[in-house]
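Residue numbers (the working numbering), protein chains in the order written: chain X, 1 to 257; chain L, 1 to 257; chain U, 1 to 257.
This report concerns only the one structure given below.
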Amino acid sequence: MPLISEHAKIGKHVKIGDNTKIYNNVIIGDNSIIGDNCIIGHPASGELHDMPLIIGKESLVRSHTILYEGSCFGDALQVGHQSLLREGIIAGKNLQVGSFNDLEGDCKIGDFVRFHSNVHVGRGSNIGNLVWLYPYVVLTNDPLPPSGLKEGVTLKDGVVVCTSSVILPNSTLEEGVFVAAMSRAGGHVPIGSLVIGAKGQIIGSIRKLNHKESKKHHPWMNHYSWAYPEEAQVMISKLKYKIETYLDHMEHEPCVS
Amino acid sequence: MPLISEHAKIGKHVKIGDNTKIYNNVIIGDNSIIGDNCIIGHPASGELHDMPLIIGKESLVRSHTILYEGSCFGDALQVGHQSLLREGIIAGKNLQVGSFNDLEGDCKIGDFVRFHSNVHVGRGSNIGNLVWLYPYVVLTNDPLPPSGLKEGVTLKDGVVVCTSSVILPNSTLEEGVFVAAMSRAGGHVPIGSLVIGAKGQIIGSIRKLNHKESKKHHPWMNHYSWAYPEEAQVMISKLKYKIETYLDHMEHEPCVS
Amino acid sequence: MPLISEHAKIGKHVKIGDNTKIYNNVIIGDNSIIGDNCIIGHPASGELHDMPLIIGKESLVRSHTILYEGSCFGDALQVGHQSLLREGIIAGKNLQVGSFNDLEGDCKIGDFVRFHSNVHVGRGSNIGNLVWLYPYVVLTNDPLPPSGLKEGVTLKDGVVVCTSSVILPNSTLEEGVFVAAMSRAGGHVPIGSLVIGAKGQIIGSIRKLNHKESKKHHPWMNHYSWAYPEEAQVMISKLKYKIETYLDHMEHEPCVS
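So this is what it looks like as structure tokens:
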């Protein structure tokens, strides 16, 4: 009858909402907040059955959200309302997931990643640090549905995928790639490429994108690093340097045919 | 332990579902119904923290839905299941919102507006009267994600956006604009325009659209005003008159080059 | 106060989750599992008010899901989390519906049908056996929104609609049609057609699609029938035979102009 298992390991100063169920295997870090009507540590089937769910300290999981067992999230996780995060997710620190997300499990996610609402992450996805996914983005994995094959996508550090875009199975988007809204991107996309449209055309580099207020061009780390905590700044600087150096090199290289 | 705060102001003949939580600040009009497993008046952070949530009389909020504090809805609100309506929404009378909607807050919505399922309304949106949004429509607001800027869209009275379309940041769709399914509309779109495709092309006026049964052309007020309550009819007539007059004028104007 | 009506007819060895409500009219087959926080037999308005909800045996409905009264599901139904299945659905055996689905009701669904997450099925849809719908697929029904008309789509046996595609009102997709991701398909689409793009172009037959591992071409029954239970195999063989025969015929037919 108690909704919170006595075997769960719950840190200090953790608040747990009404009608929220917490299973045996769950470990929750200090100072975390879990909203109402959640299920934390929902049983998984298959290999990850009975594996722990670990949630780092200072985390916030909003109401009506379901986290399966067999996943591990770093500190300062934030999850919106009505989301589903299934088994086999290995995520770094300060992952922020919006509402109505569907993370199907079996994926890797780096540090300081941001998903807006209604993001769909297929199994087998491999997501770097500082990635941004916007509403109704789909990371697919089946090369020819229905096939039973799983070929997840790879999104390297700093990738941005705008709303309502689809990333095709087995693609690799290198660092800093920007995919415009309602595009269908696939294959291997080089560092700092700007992708647009249903055929996933690369129309140049992200330096074409200029921030309206500051007039600074992309990569977005040029004008938006302030939005991240102090501990992310070195990672952001290194990533920016890598992307800018690559783009400099590409621009100055003579055309070899 | 009681889920309904004794400080909430709840009207006469209001029904409240099982396991529904109602916070302090909430004011609910007479004869309203709130479904099961809802959270009404969920705390907001920021400026709207501790501001009231007002729900007009004769309203219906279906199960598993979350309404934040700091919003105000006119009479005869209807909300589907599993929806999220955040803080800072100022909505007129008889707003009808389907299931799985994500209204991110900080927006204005007129009277007699209709959202189907799974509509995403970004912060800063400004929505007129008698607007229709269909499933998986996204009203964006970030001109170049991620930028931290918020430039919401403006949809004037009688706009229709069909399923799976994206409205780009800072656009204005004037009265009666019709956006076809899976389009990406942006910029300033004149009264009664017909928009289609990923480039948001204007291919003429909505008079190209003919109602199959009645053979009447759009604007839709020509054949669908019967679906609205009596008190909406004057507003509908005036809007129809405005759009038709504008389209008449455009058709008869000699081409000036 | 009891959440489970004493008038509901609940089979043997049925497990029902915490905070799940079961209404009067509900009939649940043996050995089924209903998750937490569900509403089973939610009242419908209109003609189907007070009509029964029937769920076949060996079924699984995951947490936070809502099923209305006035629908009938065959054995071995599976539904994900946070889904909504409204009144008037007549579904065959072993329907598998993912999470966040929105089945608006008034539709027919055959046997062994598979919906991934976030599928939207409009009223009036007619779905055959062995159909596959992927995330954010929308089956529309209003020929010119908002019109009040309902012209649902017909998807014959073995149709596959990939992620983020829209099927336009009143279309018929014949057996084995494959719609690529982010397409907009409409009209009458012949057996075994391959459809792609926002204009719903037919670019040939599904034999153009080759399974990566087995090198077998589509229809998918050539390489994926193993994923279905034994009792589905005869149906699958017959469907494959029908599609292959049709495609053979089309390929060998001399061009008559």
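For every residue, glycine included, the Cβ atom is placed at its ideal position computed from N, Cα and C.
Quick caveat, the model's predicted, so the values are computed rather than measured.
Query: Span of the beta strand (DSSP E), counted from its first residue to its last, around Y68 of chain U; Result: I66 to Y68
Query: CA-to-CA distance, L77 of chain L to M1 of chain U, given in whole angstroms; Result: Residue confidence is low: M1 of chain U scores 43 on pLDDT, short of 50, so the model does not pin down where it sits. No coordinate-derived value is stated.
Query: CB contact check: G11 of chain L to chain U, cutoff 9 Å; Result: no
Query: H249 of chain X, DSSP secondary structure in three states; Result: helix
Query: Inter-stretch contact (C-beta, 8 Å, three-pair minimum) for the segment 247-254 of chain X and the segment 14-30 of chain L; Result: no
Query: Burial state of W226 of chain L, where buried means 16 or more other Cβ atoms lie within 10 Å; Result: exposed
Query: I40 of chain X CB to nearest heavy atom of the ligand FAD below 8 Å; Result: Although the ligand FAD was asked about, the structure shown includes no ligands whatsoever.
Query: Interfacial residues, the segment 152-182 of chain U to chain X, with Cβ spacing under 7 Å; Result: V160, C162, T163, S164, A181 and M182
Query: Complete runs of the beta strand (DSSP E) confined to the segment 143-231 of chain U [at least 3 residues]; Result: 193-196 and 201-205
Query: Range of the contiguous beta strand (DSSP E) that encloses L77 of chain L; Result: L77 of chain L -> no beta strand (DSSP E), and no H or E assigned at all.
Query: Buried or exposed by the 16-neighbour rule on C-beta atoms within 10 Å, applied to I203 of chain U; Result: exposed
Query: Contact with chain U by R207 of chain L, beta-carbon distance below 9 Å; Result: no
Query: Residues that DSSP places opposite H42 of chain U in a beta bridge; Result: U:Y68
Query: is_contact[K212 of chain U, chain X] using C-beta, thresh 9 Å; Result: yes
Query: Cα-Cα separation between T163 of chain X and T65 of chain X, rounded to whole angstroms; Result: 22 Å
Query: Validate contact between the segment 113-121 of chain X and the segment 95-103 of chain X using beta carbons, cut 8 Å, 3 pairs; Result: yes
Query: K93 of chain L, buried or exposed, once every other Cβ within 10 Å from all chains shown has been counted against 16; Result: buried
Query: Chain-order list of residues whose beta-carbon lies under 6 Å from that of V131 of chain X (same chain, five-residue window excluded); Result: V113, L155 and V159
Query: Whether L209 of chain X touches D18 of chain U by CB criterion (9 Å); Result: no
Query: Residues near H7 of chain U in its chain [Cβ-Cβ closer than 7 Å; skip 5 each side]; Result: N24
Query: Three-state class that DSSP yields for V26 of chain U in the structure shown; Result: strand
Query: Environment of T140 of chain U [buried if 16+ CB atoms lie within 10 Å]; Result: buried
Query: Assigned exposure category for P229 of chain X - 16 Cβ within 10 Å defines buried; Result: exposed
Query: Identified DSSP bridge partners for I243 of chain L; Result: According to DSSP, I243 of chain L bridges with nothing at all.
Query: Selected residue, minimal CA-CA separation from K240 of chain X, among X:G200, X:Q201 and X:G192; Result: X:G192
Query: Reference K199 of chain U, options U:L173, U:L168, U:G176 and U:K212, closest by Cα; Result: U:L168
Query: DSSP three-state assignment for V14 of chain L, whether helix, strand or coil; Result: coil
Query: Inter-residue Cα distance where the pair is H218 of chain X and N101 of chain X; Result: 27 Å
Query: For G74 of chain X and I89 of chain X, believed in contact at Cβ under 8 Å, the rounded distance; Result: In fact, because the Cβ distance is near 11 Å, the residues do not count as touching under 8 Å.
Query: C-alpha gap between K108 of chain X and D111 of chain L, whole angstroms; Result: 45 Å
Query: Short CB-CB distance (under 9 Å) between R114 of chain U and chain X; Result: yes
Query: Closest residue to V161 of chain L among L:V153, L:N170, L:P143 and L:V137 (Cα-Cα distance); Result: L:V137
Query: DSSP bridge partner residues for K93 of chain X (one or two, in chain order); Result: Partner(s): none; K93 of chain X has no beta bridge.
Query: Separation of P52 of chain U from G41 of chain U, as counted between CA atoms; Result: 8 Å
Query: Contact set between the segment 95-107 of chain U and chain L, restricted to residues whose Cβ is under 7 Å from the partner; Result: F100 and D102
Query: G80 of chain X, buried or exposed, once every other Cβ within 10 Å from all chains shown has been counted against 16; Result: buried
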